[in-house]
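Colleague: What follows is a single structure, and I will ask about it in a moment.
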Amino acid sequence: MRGIWKAFGAVQALRGVDLELWPGEVLGLVGDNAAGKSTLMKVLTGVHRPDAGEIVLADRRVAFHSPRDSRALGIEMIYQNLALAPNLDVVANVFLGREVTRRALPHAVEWLDERRMESETRSLLDRLRITIDSVRRPVERLSGGQQQAVAIARAVAFQARVVIMDEPTASLAVKEVGKVLDLVGTLRGKGVSVILISHRLQDIFSVADRVMVLLGGQCVAVRRVAETTMDEVVKHIVGAEAGGLDHLASGR
Amino acid sequence: MSGRLAGWASAATWSRVALPAVIVLMGVTFASLNPNFYSATNLRNVARQTAILGITACGQTMVILSGGFDLSVGMVIGLISVAGSLVMSQWGLWPGMVAGLLMGVVVGGLNGVMVATAGLPPFIATLATFSAARGLALILSGGLPITDLPADYRWLGAGHLLTLPLPAVIAAVVFVGCHVLMKKTRFGRYVYAIGGSEEAAVFSGVPVVRYKVTVWSFHGLLVGAAAVILTSRAVSGHATLGEGAELESIAATVIGGTALGRGRGSIFNTFLGVVAMGVLTNGLNLINVSTYYQMVAMGVIIAGAVYVDQWRHRQR
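Taken in order, these protein sequences are the chains called A and B.
Taking this note's numbering, I'd label the letters of the first sequence as residues 294 to 545.
Taking this note's numbering, I'd label the letters of the second sequence as residues 1453 to 1768.
Put into structure tokens, the structure is as follows:
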């Protein structure tokens, strides 16, 4: 993403943001509320169209008019709490909106191919090393971490190249956070790029390769995680570095 | 302890064990109070009388599974009974029946558009339809029954197929068809998904508005079918023919164990709910309990069934 600008009425939400993401890289995206994180991700998934700037995916310039477009090119967003239908089982959730069917009568009747969806779900969960004893259980009966794992599995089930996770650990018990972060590592191992939005810096420092800080709609810092500290990142988030203060003084 | 209690009272236990047991218990009780209960004639009567409820309850269940519910069923039946009869007396048997079904689809679709596109709460949208349909039915009929219907028409409500009452056969086909639709097709999967979490359905790329309007229209088709059959049984078009059908269909659905507004339950549950209601109504009639008391009992049963369901949900 290069030079992304986006305004909502008089509010300038994004001011020329660049975002670079390599295959198999985990990028932590941090920033205070209203810093522009979710607007930037909505531009990337095609929910919003940018006023200026371009998105280049694998050397090709792309434009998204809806989330369907971005999904077709392998960009998946996992929304916090909205991803799953609690009354449906794991298989139905993984395939929701993309059911596999068998033709009973051509162009008239199609049956859901439950057997195939179930076996594909099992092998998907195996590949991602997610353990869920029954894929036929409604997801509301699973733990928070398992639900998050199903949401992630669902996102990568269809050749995702980029997965965006919005606060995947926010509502989890401590012991489940580690499992979800392990899963992020597994995705990276399979060449999937992950953008991880989180308020929990310890999560980002434990799993991300780089961290990017947004403030007032601008990118104020990009650091390799190995070469920075939480303190430095926090300073950038609140704008306590010199640049950040200038930015505040300029009257946003 | 409360966890075990909730497990015991789970929805699955209710529909697979408790409700069938209640039905059997009612059967035994009524049979001991009135030996006619188990006569073939009476059982055929139960099937015939319950058929209309079965058809409307199937549609109601699908709408409830999608997160809505329909209070307009009874008055729409009255409207279709009157309007369909008028068409029939003018143009003949088949045009009249087809017009009745089509009117059902249109009114159901209208409810669906109000709910899905305009975003009205189902309660308000269908209450508005209730009032409008009732008014229209009375305007069209002038408050009088329409009696000059073709003689052939009676067969639909009173006829038999292999000694089984025809309405019951139709209801059975509707039950099987709806069950297959809900369990084996993408349509059913999306109805459940929308009822479970509309947001998740939207984010998964399910065309939610289209599927909601479709499920309401399909429900409308079933209401139309119920109206056409009921009119045949009454041998006249009448504006108040379906009175109470909305509450009865909701009652059968919730007694079966389908939850209001959470996408949980099934057509099979509703089948049991319909059987239970049919046996109860018939049994109370046989032991001479007045219809007025039965109405009171139904109110209590509806409130109780919804309360038990919500209590079950809180235990999770």
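Glycine included, every Cβ here is placed at the ideal spot set by N, Cα and C.
Rounded to whole angstroms, what's the CA-CA distance from B/G1730 to A/R409? Just pull it up for me.
Modeller: 40 Å
Colleague: In chain order, what are the residue ranges of uninterrupted beta strand (DSSP E) at least 3 long that sit wholly in the segment 330-405 of chain A?
Modeller: 345-350, 353-355, 368-371, 394-398, 402-405
Colleague: With burial defined as no fewer than 16 other Cβ atoms inside 10 Å of the residue's Cβ, what is the status of B/S1491: buried or exposed?
Modeller: exposed
Colleague: Compare the beta carbon distance of A/P316 and A/T338 with 8 Å and say whether it is the shorter of the two.
Modeller: The Cβ atoms of A/P316 and A/T338 do not sit closer than 8 Å to each other.
Colleague: Return helix, strand or coil for A/M505, following the three-state DSSP convention.
Modeller: strand
Colleague: Take the Cβ of B/P1573 as the centre, count every other Cβ of all protein chains shown within 10 Å, and call the residue buried at 16 or more, exposed below.
Modeller: By the neighbour-count definition (other C-beta atoms within 10 Å, threshold 16), B/P1573 is an exposed residue.
Colleague: If you follow the alpha helix (DSSP H) that A/Q441 is in, where does it begin and where does it stop?
Modeller: 437-449
Colleague: May I ask you to list the residues that DSSP assigns as paired with A/I488?
Modeller: A/L320, A/I457
Colleague: At the 8 Å Cβ level, is B/T1666 part of the contact set with chain A, yes or no?
Modeller: no
Colleague: According to DSSP, simplified to helix, strand and coil, what is A/G302?
Modeller: If DSSP states are grouped into helix, strand and coil, A/G302 belongs with coil.
Colleague: If you follow the alpha helix (DSSP H) that A/V527 is in, where does it begin and where does it stop?
Modeller: 523-531
Colleague: Given B/R1456, which residues of its chain have a CB within under 7 Å of its CB, disregarding the five upstream and five downstream residues?
Modeller: Here B/R1456 scores only 46 on pLDDT, less than 50, and its place in the model should not be relied on; the value that follows carries that caveat. So no residue of the chain qualifies.
Colleague: Helix, strand or coil for B/I1598, going by three-state DSSP, please let me know.
Modeller: strand
Colleague: Need the endpoints of the alpha helix (DSSP H) that B/A1677 sits in, please.
Modeller: Counting along the chain, the alpha helix (DSSP H) containing B/A1677 begins and ends at 1660-1686.
Colleague: Quick one: what's got a C-beta closer than 6 Å to B/R1496's C-beta in the same chain, skipping five residues either side?
Modeller: Cβ within range, chain order: P1617.
Colleague: Which residue's Cα is closest to the Cα of A/E520: A/L508, A/F498, A/Q511?
Modeller: A/F498
Colleague: Using a cut-off of 8 Å between C-beta atoms, extract the partners of B/A1577 located in chain A.
Modeller: The contacting residues do not exist; B/A1577 stays about 23 Å from chain A at best.
Colleague: With a threshold of 16 other CB atoms inside 10 Å of the CB of A/A533, please say whether the residue is buried or exposed.
Modeller: By the 10 Å Cβ count, A/A533 comes out exposed.
Colleague: Across which residues does DSSP place A/I297 in a beta bridge pair?
Modeller: According to DSSP, A/I297 bridges with A/V310.
Colleague: Expressed to the nearest angstrom, what Euclidean distance is found between the alpha-carbon atoms of B/A1509 and B/V1727?
Modeller: 11 Å
Colleague: Could you give the C-beta distance for A/V473 and A/L465, rounded to a whole number, given that I count them as a contact under 8 Å?
Modeller: 7 Å
Colleague: Pick from A/T424, A/N386, A/D426, A/G510: whose alpha carbon is nearest that of A/E407?
Modeller: A/N386
Colleague: DSSP three-state label for B/H1690, please.
Modeller: coil
Colleague: Counting only beta-carbon atoms, is A/T338 nearer than 8 Å to chain B?
Modeller: no
Colleague: Is there a C-beta anywhere in chain A that falls below 8 Å from the one on B/V1658?
Modeller: By this cut-off, B/V1658 is an interface position.
Colleague: Nearest chain B C-beta to A/T394 closer than 8 Å, yes or no?
Modeller: yes
Colleague: Return the residue from the list B/A1704, B/V1643, B/V1480, B/D1522 that minimises the CA-CA distance to B/G1751.
Modeller: B/A1704
Colleague: Just the Cα atoms here: how many angstroms apart are B/Y1744 and B/H1690?
Modeller: 21 Å
Colleague: DSSP state of B/S1454, grouped into three classes?
Modeller: Its pLDDT being 42, under 50, B/S1454 is placed unreliably by the model, and nothing is read from it.
Colleague: In chain B, which residues lie less than 8 Å from A/E403 when you measure between Cβ atoms?
Modeller: T1637, R1638
Colleague: Can you tell me which of the three DSSP states A/R516 falls into?
Modeller: strand
Colleague: For A/Q452, which three-state DSSP category applies?
Modeller: coil
Colleague: Here's the rule I'm using: 16 or more other beta-carbon atoms within 10 Å means buried, otherwise exposed. How should A/Q547 be labelled?
Modeller: Given a span of 294 to 545 for chain A in the structure shown, any question on residue 547 of chain A remains unanswerable.
Colleague: I need the straight-line Cα distance from A/L312 to A/R295, nearest angstrom please.
Modeller: Rounded to whole angstroms, A/L312 to A/R295 spans 7 Å at the Cα level.
Colleague: Looking at chain B, is there any beta carbon in it that lies within less than 8 Å of the beta carbon of A/A376?
Modeller: Judged by the 8 Å Cβ criterion, A/A376 is in contact with chain B.
Colleague: If you measure beta-carbon to beta-carbon, which residues of the segment 428-439 of chain A are closer than 8 Å to chain B?
Modeller: For the segment 428-439 of chain A, the set of positions with a beta-carbon nearer than 8 Å to some beta-carbon of chain B reads E433 in chain order.
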